[in-house]
Amino acid sequence: MSPAEQLRARLERVAAELGADGVDVQLERPRNPEHGDLATNLAMVLAGRLRRAPRQIADEILARLDLEGAGVASAEVAGAGFINFRLTGAVLWEQLARVLREDRAFGRSEPEDRLRIQVEFVSANPTGPLHVAHGRGAALGDAIASLLRWTGHEVEREFYINDAGVQIQRLGESLDARWRQLMGEEAAIPEGGYHGAYLVDMAREVDAEAHDRLVAMSAEERVAFLRRWAVERLEAEHDRTLRDFRVQMDSYYPETRIYEEGRIAETLRELADRGLTYESEGAVWLRTTAFGDDKDRVLVKSDGTYTYFAPDIAYHREKARRGFQHAIDIWGADHHGYVPRMKAALAALGYPDFLDVEIVQMVRIMRGGEEVKISKRAGEFVTLRELFEETGVDVARYFFLMRRSDAQMIFDLDLALDQSEKNPVYKVQYAHARMMSIFRKAGVEPSSIGVEDADLSLLREPVEGELIKQLAEFPAVVSRAAEARAPHIVCDYLEETAGMVNSWYHAGNPSRNPELAVLVPHPALRRARLALARGVQIVLRNGLELLGLSAPDRMQREETA
RNA sequence: GCGCUCGUAGCUCAGUUGGAUAGAGCGUCGGCCUCCGGAGCCGAAGGUCACAGGUUCGAAUCCUGUCGAGCGCACCA
């Protein structure tokens, strides 16, 4: 149990003694170091219930609290009724020791109830290459899955392939048009078809591969053949792009499977059995308004075909039937209006709190102060691959993750390509590499640095104490980020930590304060500081790896001419 | 017109679920380092939290309204 948890338990007990059961005691590290190591607003929260002055209650809480047993060196009432605690040095040093002991597990936690969770993301139609917006969803979904795993859940990453329906037919027709153009015919891309140049390349490839067969086919056969060929080809490309972007899906689930296994009819029957569908104007409607949607939605059109909604409900029903206890979908902003009806449909099927939807907002790319235009309609766009091949995978992933996903972001290519510490990715990676370089210089294996042979009580510099407190917070940061499905919380933490680390490192520069360096002559102090450096390195590495980034041993800057 | 997301420093963004004097990076300015430039280090300036009300010990955070931005509002996918 961490010192904060111990103290919280004691505070809860005191609150109960004062006649306030079940209060959620908040215990936080104040921003301002003058306010101690931990602070609680408990007295102010109780003031309302007990109808007494907060400061008076604070005094009483302090009188009843076993401070020494909780590792508290001193405590005081401050401000409107905050209680500030200062922990003993022993508690501080123990926190660093814990980092080294837990090593790769530091930051991981166990949930109250372990859930089997599916994270579905990217799920791009196989009608073209992945573009930058998919990249943001890919980075986000992957990091959220990783966060959930770090907090002890069982997680699977899934890509849903929309390989059925009219858009796929248009793809086949579009490729057919490109192929016929290649054969010298006057062929137009069909209405609603795909104009991208990638289909010109694909037409050439498929011709090289199967010219004789294509020529021999009827028009209908040919479109069907090209459709299958293109889908297979684009799916493989999506998979390859994601792998190169370091996203490893656990499964790809094709929409066609929903059809083949008869899940749609099954789902519609279940909804009908529950009395939640009705016919009107020749169509079958789902009563989503009974579950919070603002209008009912069509499942089967009057021409007898399904809307997109029907297979989608069936697919989500399968998620629950496949044994997932919770599902998280990452959707693009253009689908956010779809959230209430999907949740309503699941509620109708008896899965009211099954689904969470995270919305990923638009990405705009700026270079030299100007927006890089992404025009899908004209068929010219910046693909995800082009982006990460230019910036590197670490940078692209980090940039996508460092902002809240539900706000639009501007991707600053100039900053992304900057290799100095102005670039937040490099700032964090530099801090990690610096620790590794210290170990190299000291001639020690990082993993051999233990706490047994180090006297951590020698770490008495204020910066060292602040740094240890910062490291100790990592597990709470991970939990909070997982809870909020918000990887940017980890990014912010890593940048803040790296900033502290870098100034700690620079303070020990031989030209300034050689006595503050890690590698001082005094052997015991040197060992203690190496242990702190090791703690720093563990936290930065764990944080970077959690986000799917590399934690380099050394930075190699590309020489620019 | 209705709904969703959002509006915080010149720019890009955080803000620990309602807490103490609203933070960071970039940019700007000053100093240091450097053969010069870049990089790096130290420091400073910079705010009506879009606006107006309300809720309470306490609001950037919650509620209502207004203004502004983006995206949705299909028997499209």
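Numbered according to the working numbering, the first sequence spans residues 338 to 898. Note that CB positions come from ideal geometry on N, CA and C, so glycine has one too.
Check                                                                                                                             : Outcome
Given Leu754 as reference, the closest of Arg741, Tyr735, Ala768 once Cα atoms are compared                                       : Tyr735
Start-end ranges of the alpha helix (DSSP H) lying completely within the stretch 372 to 424, minimum 4 residues                   : 379 to 387, 391 to 401
Inter-residue CB distance, Leu402 and Leu375 (contact presumed, cutoff 8 Å)                                                       : About 12 Å separates the two Cβ atoms, so there is no contact after all.
contact_flag[the stretch 838 to 856, the stretch 473 to 489] where n(CB pairs < 8 Å) is 3 or more                                 : no
Residue interval of the alpha helix (DSSP H) (run including Pro799)                                                               : 799 to 809
Three-way DSSP call (helix, strand, coil) for Thr488 in this model                                                                : coil
Start and end residues, alpha helix (DSSP H) containing Leu754                                                                    : 750 to 754
Of the listed residues Gly885, Ile875, Pro889, Leu881, nearest to Lys441 (C-alpha basis)                                          : In the sequence as presented, Lys is not what sits at residue 441; that position holds Arg. When only C-alpha atoms are compared, the closest one is Ile875.
C-alpha gap between Val697 and Ala461, whole angstroms                                                                            : 14 Å
Local conformation of Ala620 per DSSP, three classes                                                                              : strand
Cβ neighbour criterion (16 or more within 10 Å) applied to Glu865                                                                 : Note on identity: in this sequence residue 865 is Ala, with Glu being the wrong assignment. Buried, by the Cβ-count rule.
Contact check, Phe458 vs Gly474, beta carbons under 8 Å                                                                           : yes
Residue environment, Ala835, which counts as buried when at least 16 other CB atoms sit within 10 Å                               : buried
Short Cβ contact (8 Å threshold) for Leu383 with Ile394                                                                           : yes
Expected contact under 8 Å - CB spacing of Arg451 and His490 to nearest Å                                                         : 6 Å
Exposure of His663, with buried meaning 16 or more beta-carbon neighbours within 10 Å                                             : buried
Inter-residue spacing [alpha-carbon to alpha-carbon] between Gly641 and Glu616                                                    : 12 Å
3 or more residues per run - each beta strand (DSSP E) lying fully within the stretch 693 to 744                                  : 700 to 704, 707 to 709
Cβ-based neighbour list, Met767, same chain, cut-off 8 Å, excluding 5 preceding and 5 following                                   : Going by the sequence as given, residue 767 is Tyr instead of Met. Within the same chain, Tyr767 has close Cβ partners Glu758, Ala835, Asn839, Met892.
Proximity below 8 Å, CB of Arg771 to CB of His825                                                                                 : no
For Phe496: DSSP bridge partner residues                                                                                          : Tyr589
Sufficient close CB pairs (3 or more, under 8 Å) joining the stretch 597 to 612 to the stretch 683 to 699                         : yes
Span separating the alpha-carbon of Tyr589 from that of Glu572                                                                    : 10 Å
Cutoff 7 Å; reference Leu692; Cβ partners in own chain excluding five residues on either side                                     : His653, Ala664, Asp666, Met679, Lys680, Leu683
Three-state class that DSSP yields for Thr642 in the structure shown                                                              : coil
Cα-Cα separation, Leu884 to Arg541                                                                                                : 39 Å
Beta carbon of Val765 nearer than 8 Å to that of Leu877                                                                           : yes
Whether Ala823 touches Trp487 by CB criterion (8 Å)                                                                               : no
Exposure label - Glu528; buried when at least 16 CB within 10 Å                                                                   : exposed
Glu592 and Asp500 closer than 8 Å at C-beta                                                                                       : yes
Cβ-Cβ distance between Phe776 and Gly880 below 8 Å                                                                                : no
Contacts around Gln518, its chain only, beta-carbon distance under 7 Å, and the 5 residues preceding and following it disregarded : Ala524
Burial state of Lys713 (16 or more Cβ within 10 Å)                                                                                : Residue placement at Lys713 is flagged as unreliable, the pLDDT there being 49, under the threshold of 50; the coordinate-derived value follows with that caveat. Exposed, by the Cβ-count rule.
Paired residues, beta bridge with Phe443 - DSSP                                                                                   : Arg445
C-alpha gap between Glu413 and Ile420, whole angstroms                                                                            : 6 Å
Among Ala888, Ser816, Pro860, Tyr830, nearest to Glu449 - alpha-carbon criterion                                                  : Ser816
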